[in-house]
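These notes are about the structure you will find just below.
In the numbering used here, the protein residues as written are 687 to 1124.
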């Protein structure tokens, strides 16, 4: 009884904090700064994105200006506020918002606090959820920060949220309470690879499972680890979740998969597991596997402190080469349990072309963030874009001779690779449109 009382008390404190944030228009402020920065799906923005003390306190974790008394009191109730001669700061979490929903998680590039990841993928997936037809009961597999869970609950669905991480389960409950949705959300700590396919049935299932390819020789956080081929949790969802749908129910999933020029490797398995359900897949983006491995090495560094960046990359490259993984795809899947067994794939990557030279002189990438492949922005790509633009003609000539990205990067950008082996992996993505590259 005491534990239940404590949970209810904590939920009430989170709900009170959420109400204070709404009174201060926190969600509207955050969306305004995000759009002003030209990054509509970037959850975490730098300090220069806004000159706003409230933004600096909640989003960046510290501010020189004292917060409004009601905000300080609401944060203090949860043990999330501290003040000293050096300024004012929050503890435990950073706060962001999207589509009017407030959420808690760790801020990229700042010291970790909660162990809860929220990236561009989570915001893009939330947009898809808000545009999908849904009613009744829902299951959110891999709830993370709780943003997707709250998006489902905000649409009126009674939502069960599962995550393997206790930190994420707590964050999901906190996010639901922040948004005044605690009564529509139930949380549970569970491993999706072991618990799906049970007796419960739902009208709508949502999942944004981890899909990072992680060899067994490396440690990695559960928020992204998809196992040795990146597909362990994706397989669990596509194999178990359809059996948990009621007739007419829908599964919406964002998934990542290694693959080659033909597309994501997992597609054939998805269609086989779907049985009589209809499946519609949109292949949204394609990233060179070398770039994806750069991101993986960056995020694996904290989990493998004994390994140098070069050794992390060496292990990742050897492993993905053995898999025959040339590319890393991001896709969205809609599965409907309708008994019609339709299959559709729409590839929006624009990469199904014949390799070889073209007559027109290709133009280098222009630096428009919206035109970059998702994931590149996780690396320090700006200095490497400048190098690409400066050496574009040399790179194009090397591409005609070499026909392989690794060879072009080594020939034209070897100095950049030596200076920064991890962030220079953005070069592979920036150069992937060169004519002559297979």
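Ideal placement from N, C-alpha and C gives every residue a C-beta, glycine not left out.
Looking only at its chain, what residues have a beta carbon closer than 6 Å to the beta carbon of residue i, apart from the 5 residues adjacent to it on each side?
i: residue 652; result: In the structure as shown, the chain begins at 687 and stops at 1124. Residue 652 is therefore absent and cannot be evaluated.
i: residue 794; result: 730
i: residue 1011; result: 944, 975
i: residue 823; result: 844, 888, 889
i: residue 791; result: 802, 804, 831
i: residue 825; result: 846, 888, 891
i: residue 739; result: 749, 751
i: residue 722; result: none
Please determine, among the options, the residue with the shortest C-alpha to C-alpha distance to residue i.
i: residue 1099; options: 992, 969, 1078, 930; result: 1078
i: residue 809; options: 825, 792, 796, 783; result: 783
i: residue 1120; options: 729, 1092, 998; result: 1092
i: residue 1106; options: 1012, 1054, 994; result: 994
i: residue 800; options: 806, 789, 807; result: 789
i: residue 797; options: 967, 988, 739; result: 988
i: residue 760; options: 704, 785, 1035; result: 704
i: residue 923; options: 966, 877, 909; result: 877
i: residue 803; options: 820, 821, 781; result: 781
i: residue 893; options: 852, 884, 936; result: 936
i: residue 747; options: 768, 851, 1072, 711; result: 768
i: residue 884; options: 954, 1023, 931, 741; result: 931
i: residue 909; options: 949, 706, 929, 851; result: 851
i: residue 707; options: 879, 835, 741, 929; result: 741
Expressed to the nearest angstrom, what Euclidean distance is found between the alpha-carbon atoms of residue i and residue j?
i: residue 927; j: residue 882; result: 6 Å
i: residue 753; j: residue 773; result: 10 Å
i: residue 941; j: residue 849; result: 16 Å
i: residue 745; j: residue 933; result: 42 Å
i: residue 1070; j: residue 1061; result: 15 Å
i: residue 957; j: residue 1059; result: 26 Å
i: residue 726; j: residue 720; result: 6 Å
i: residue 827; j: residue 1084; result: 45 Å
i: residue 709; j: residue 1068; result: 38 Å
i: residue 737; j: residue 1087; result: 49 Å
i: residue 992; j: residue 1104; result: 20 Å
i: residue 818; j: residue 830; result: 20 Å
i: residue 699; j: residue 860; result: 9 Å
i: residue 887; j: residue 981; result: 37 Å
i: residue 771; j: residue 751; result: 11 Å
i: residue 1034; j: residue 951; result: 16 Å
i: residue 1031; j: residue 786; result: 32 Å
i: residue 1102; j: residue 1049; result: 21 Å
i: residue 907; j: residue 983; result: 12 Å
i: residue 643; j: residue 1113; result: This structure leaves residue 643 out entirely; the chain is present only between 687 and 1124.
i: residue 947; j: residue 865; result: 43 Å
i: residue 1039; j: residue 1057; result: In this prediction, residue 1039 scores a pLDDT of 41, lower than 50, which makes its location untrustworthy; the coordinate-derived value is nonetheless stated afterwards. Cα to Cα, the separation comes out at about 19 Å.
i: residue 925; j: residue 960; result: 8 Å
i: residue 716; j: residue 1097; result: 43 Å
i: residue 862; j: residue 915; result: 33 Å
i: residue 833; j: residue 807; result: 11 Å
i: residue 1076; j: residue 996; result: 26 Å
i: residue 821; j: residue 711; result: 28 Å
i: residue 775; j: residue 756; result: 15 Å
i: residue 875; j: residue 1072; result: 45 Å
i: residue 1009; j: residue 990; result: 22 Å
How about residue i: is its Cβ closer than 6 Å to a heavy atom in the ligand NAP?
i: residue 797; result: Because no ligand of any kind appears in the structure shown, any question about the ligand NAP cannot be addressed here.
Output needed for residue i: all residues of its chain with C-beta closer than 8 Å, excluding positions within five of it in sequence on either side, in chain order.
i: residue 912; result: 895, 896, 897, 898, 899, 900, 918, 919, 920, 942
i: residue 702; result: 760, 763
i: residue 1117; result: 1074, 1081, 1085, 1091, 1094, 1095, 1123
Leaving out five residues on either side along the sequence, give the residues of the same chain with a beta carbon under 7 Å from the beta carbon of residue i.
i: residue 1055; result: 724, 725, 1063
i: residue 1001; result: 901, 903, 904
i: residue 979; result: 999, 1002, 1003, 1006, 1111
i: residue 1014; result: 942, 944, 973, 975, 978
i: residue 732; result: none
i: residue 1029; result: 957, 965
i: residue 962; result: 1025, 1027
i: residue 968; result: 1017, 1018, 1032, 1034
i: residue 1053; result: 1071
i: residue 929; result: 883
Establish whether the CB of residue i and some CB of chain D are separated by less than 7 Å.
i: residue 964; result: Any reference to chain D falls outside this structure, which holds one protein chain only.
Legend entry - Cβ contact check for the segment 830–841 and the segment 863–870: 3 or more pairs under 8 Å: yes
Inset, instruction - Report yes or no: do three or more beta-carbon pairs, one from the segment 810–818 and one from the segment 756–774, lie closer than 8 Å? - result: no
Inset, instruction - Tell me the start and end of each unbroken beta strand (DSSP E) in the segment 958–1012 that is at least 3 residues and wholly inside, in chain order. - result: 964–974
Legend entry - Three or more C-beta pairs below 8 Å linking the segment 902–909 and the segment 1011–1030: no
Legend entry - Length-filtered (3 minimum) beta strand (DSSP E) runs lying within the segment 770–812: 773–776, 780–784, 787–791
Inset, instruction - Give a yes or no on contact between the segment 846–863 and the segment 967–974, applying the rule of three or more CB pairs nearer than 8 Å. - result: no
Legend entry - In chain order, each beta strand (DSSP E) run of at least 3 residues that lies wholly inside the segment 889–961: 931–946
Legend entry - Completely contained alpha helix (DSSP H) runs for the segment 703–778, where each covers 4 or more residues: 712–722, 739–744, 755–763
Legend entry - Inside the segment 853–893 only - alpha helix (DSSP H) runs reaching at least 4 residues: 878–881
Legend entry - Segments of 4+ residues assigned as alpha helix (DSSP H) that fall wholly inside the segment 1071–1096: 1078–1088
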